[in-house]
Amino acid sequence: MKHLISITDLDKEDISYILKKAEEFEDVAMGKRKLRILEGKILGNLFFEPSTRTRMSFEVAMKRLGGDVINMTAQEASSVAKGETLADTIRVVSGYCDAIVIRHPLEGAARFAAENSSVPVINAGDGAGQHPTQTLLDLYTIKKECGRLDGITIALMGDLKYSRTIHSLIKALALFEMKIYLISPEALALPDDIIEDVGGEIKRAKLEDVISEIDVLYVTRIQKERFPDEEEYRKVSGSYRITAETLKKAKDSMIVMHPLPRVDEIHPSVDATKHARYFQQSFYGVPVRMAILSEVML
Amino acid sequence: MKELVVSKIREGTVIDHINAGKALLVLRILKIQPGTDLTVSMAMNVPSKKMGKKDIVKVEGMFIQDEELNKIALISPNATINLIRDYEIERKFKVQPPEVVEEVLKCPNHACISNAEREPIKPRFYIKTEEMKVTARCHYCGRKIENLDDYIS
Ligand SMILES: Nc1ncnc2c1ncn2[C@@H]1O[C@H](COP(=O)(O)OP(=O)(O)O)[C@@H](O)[C@H]1O
Ligand SMILES: [Zn+2]
Numbered sequence: 001m002k003h004l005i006s007i008t009d010l011d012k013e014d015i016s017y018i019l020k021k022a023e024e025f026e027d028v029a030m031g032k033r034k035l036r037i038l039e040g041k042i043l044g045n046l047f048f049e050p051s052t053r054t055r056m057s058f059e060v061a062m063k064r065l066g067g068d069v070i071n072m073t074a075q076e077a078s079s080v081a082k083g084e085t086l087a088d089t090i091r092v093v094s095g096y097c098d099a100i101v102i103r104h105p106l107e108g109a110a111r112f113a114a115e116n117s118s119v120p121v122i123n124a125g126d127g128a129g130q131h132p133t134q135t136l137l138d139l140y141t142i143k144k145e146c147g148r149l150d151g152i153t154i155a156l157m158g159d160l161k162y163s164r165t166i167h168s169l170i171k172a173l174a175l176f177e178m179k180i181y182l183i184s185p186e187a188l189a190l191p192d193d194i195i196e197d198v199g200g201e202i203k204r205a206k207l208e209d210v211i212s213e214i215d216v217l218y219v220t221r222i223q224k225e226r227f228p229d230e231e232e233y234r235k236v237s238g239s240y241r242i243t244a245e246t247l248k249k250a251k252d253s254m255i256v257m258h259p260l261p262r263v264d265e266i267h268p269s270v271d272a273t274k275h276a277r278y279f280q281q282s283f284y285g286v287p288v289r290m291a292i293l294s295e296v297m298l
Numbered sequence: 001m002k003e004l005v006v007s008k009i010r011e012g013t014v015i016d017h018i019n020a021g022k023a024l025l026v027l028r029i030l031k032i033q034p035g036t037d038l039t040v041s042m043a044m045n046v047p048s049k050k051m052g053k054k055d056i057v058k059v060e061g062m063f064i065q066d067e068e069l070n071k072i073a074l075i076s077p078n079a080t081i082n083l084i085r086d087y088e089i090e091r092k093f094k095v096q097p098p099e100v101v102e103e104v105l106k107c108p109n110h111a112c113i114s115n116a117e118r119e120p121i122k123p124r125f126y127i128k129t130e131e132m133k134v135t136a137r138c139h140y141c142g143r144k145i146e147n148l149d150d151y152i153s
């Protein structure tokens, strides 16, 4: 059976295959073409942690392909959590549906779920761990908007220490021999062991030094909770905020990405520039998740 | 003949060249706990030509499985095993770190599912050895352990 637990379970070929498949579903995702290949199939959404976007985009992807969805919300999950083990919940729910999407606060929960499931399990985020469908839609965005994946120069900016989006993504970027710049406050730097793990061309940098060189600027949120006090947070976060002004020296073709939701790290003035791609990126979550769902269920 | 630090046994398992101070951890790995019926003797910090100081553990009347013994490599990659029959060494080998261990190590990551109390889950680790340094990676959360001594369950 096929599960999707970690991006590191996929090699370059697997990734390219999923992205290619996603492309074939794009018009279906937009509602321009009807396709019913998952008719009669049911997806179980198990969200032990709140999520709107990820949950909705899985639901849309499933429905656009003619399938049905059952949902367990974070609220229902918390009452389940009191009485029942995750193992038991999975054993029960996998009897109700043809695939499970899980988000859970504990790292490794999705892999454990897969071990207890009789149907394929897709990881939609396990604590600070993995979020492979986000990574795949990020790669899809780069491929579509930059025309290629190999040899891209990308800057990752913001909280590189705690962001699971970044940790998942960076491993995949290295597969495509991208040149990676890391832009973050000292306290939120990418841990050294991850840099070593990833290998390849990675450098710490300042945005102003690399802005004219990069093809992609990937921005993530800096969370207040990561700082000892408000004052420190304000000092630091201010310099990791981008505006239309910040992007003046960028190449015309440079794109700005963000996993959303944003708070104030991307100023609304950027939305109207030719660089903004974060809403497009979030739409791409639909065809990519269609590709994944059809891959695990058919 | 060489003098034995601990008395001779007729039959059983001798674990030699244990890194000094680790004998108790060896017992823990072998799940030999207080209350055991086995006759176990132990020598700590005995002089050794090769290692300066070493520990030795002898378990009488029992031939411990190789698979169990190899787990000792996690904390003492130089340990040697002597299986004794009729007071003689019948077989001798150096421990080899296993590729995967279950229920030997505990994940240091509190947010790891393998530490969830009521789940029916066996902590599972992938073992890597580089230049005699042994490290482990959690099957569930991917956390790497460098100092394995601290996480023997
Ligand atoms: N019959 C026995 N009973 C208990 N321990 C023994 C017996 N024979 C050997 N040993 C122990 O097994 C280990 C290995 O013995 P040996 O091969 O003679 O030494 P070395 O490996 O240091 O060359 C030593 O620690 C020795 O004390
Ligand atoms: Zn773990």
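In order, the protein sequence lines correspond to chains A and B. For what it's worth, this note's numbering labels the leading residue of the first sequence as 1, then goes sequentially. For what it's worth, this note's numbering labels the leading residue of the second sequence as 1, then goes sequentially. Every residue, glycine too, gets a C-beta built ideally from N, C-alpha and C. No experiment lies behind these values; they were computed from the predicted model shown.
Residue-chain proximity (residue i, chain A), Cβ-Cβ < 8 Å
i, result
"Tyr126 (chain B)", "no"
"Arg118 (chain B)", "yes"
"Tyr140 (chain B)", "yes"
"Ile152 (chain B)", "no"
"Ser114 (chain B)", "yes"
"Ala20 (chain B)", "no"
"Ile145 (chain B)", "no"
"Ala136 (chain B)", "no"
"Ala43 (chain B)", "no"
"Met1 (chain B)", "Low local confidence applies: a pLDDT of 46 at Met1 (chain B) is under 50, so the model's placement there is unreliable, and no value is given."
Residue i at chain B interface by Cβ criterion, 8 Å
i, result
"Phe47 (chain A)", "no"
"Leu86 (chain A)", "yes"
"Leu10 (chain A)", "no"
"Ala109 (chain A)", "yes"
"Phe112 (chain A)", "yes"
"Ala172 (chain A)", "no"
"Leu106 (chain A)", "yes"
"Asp193 (chain A)", "yes"
"Ala272 (chain A)", "no"
"Ala128 (chain A)", "yes"
"Ala291 (chain A)", "no"
Any non-hydrogen atom of ligand 2 closer than 7 Å to residue i Cβ
i, result
"Arg28 (chain B)", "no"
"Tyr126 (chain B)", "no"
"Tyr151 (chain B)", "no"
"Asn123 (chain A)", "no"
"Arg143 (chain B)", "yes"
"Gly108 (chain A)", "yes"
"Asn70 (chain B)", "no"
"Asn109 (chain B)", "yes"
"Cys112 (chain B)", "yes"
"Tyr140 (chain B)", "yes"
Span of the alpha helix (DSSP H), counted from its first residue to its last, around residue i
i, result
"Phe58 (chain A)", "Arg53 to Arg64"
"Met297 (chain A)", "Tyr278 to Met297"
"Gly238 (chain A)", "Glu230 to Gly238"
"Val95 (chain B)", "That residue, Val95 (chain B), is in no alpha helix (DSSP H); it is neither H nor E in DSSP."
"Tyr140 (chain A)", "Pro132 to Cys146"
"Asn70 (chain B)", "Asp66 to Asn70"
"Arg164 (chain A)", "Arg164 to Leu175"
"Asp88 (chain A)", "Leu86 to Val93"
"Tyr140 (chain B)", "Premise fails: Tyr140 (chain B) is in no alpha helix (DSSP H) and is neither H nor E."
Neighbourhood of residue i by C-beta distance below 6 Å, restricted to the same chain and skipping five residues each side
i, result
"Lys179 (chain A)", "Thr153 and Glu201"
"Ile195 (chain A)", "Ile202"
"Phe93 (chain B)", "Ile81"
"Glu102 (chain B)", "Lys122 and Arg124"
"Asp126 (chain A)", "His104, Glu107, Ala109 and Ala110"
"Leu207 (chain A)", "Ile183"
"Asp98 (chain A)", "Lys41, Ile42, Val119 and Met297"
"Thr54 (chain A)", "Ala124"
"Pro348 (chain A)", "Because chain A is modelled from 1 through 298, residue 348 (chain A) falls outside the range shown and cannot be assessed."
"Lys144 (chain A)", "none"
Own chain residues within Cβ distance below 7 Å of residue i, not counting five before or after
i, result
"Leu173 (chain A)", "Ile154 and Ile180"
"Glu68 (chain B)", "Leu30"
"Met132 (chain B)", "Pro77"
Cutoff 8 Å; reference residue i; Cβ partners in own chain excluding five residues on either side
i, result
"Thr243 (chain A)", "His267, Ser269 and Val270"
"Val46 (chain B)", "Val5, Lys53, Lys54, Asp55 and Ile56"
"Ile214 (chain A)", "Thr153, Ile154, Ala155, Tyr181, Ala250, Lys251 and Met254"
Residue i: CB within 7 Å of a non-hydrogen atom of ligand 4
i, result
"Phe283 (chain A)", "By its list of ligands, the structure shown excludes ligand 4, since it contains just ligand 1 and ligand 2."
Residue i, enclosing beta strand (DSSP E) - first and last residue
i, result
"Asn45 (chain B)", "Val40 to Ser48"
"Ile70 (chain A)", "Asp68 to Met72"
"Asp16 (chain B)", "Gly12 to Asn19"
"Glu130 (chain B)", "Arg124 to Glu130"
"Lys31 (chain B)", "Note, Lys31 (chain B): premise wrong, no beta strand (DSSP E); not H, not E."
"Lys12 (chain A)", "Segment Lys12 to Ala29 is the alpha helix (DSSP H) holding Lys12 (chain A); no beta strand (DSSP E) there."
>> Ignoring anything shorter than 3 residues, give me the beta strand (DSSP E) runs that lie fully in the region 201-270 of chain A, in order along the chain.
In response: For the region 201-270 of chain A, whole beta strand (DSSP E) runs of length 3 or above, ordered along the chain, are 202-204, 216-219 and 255-257.
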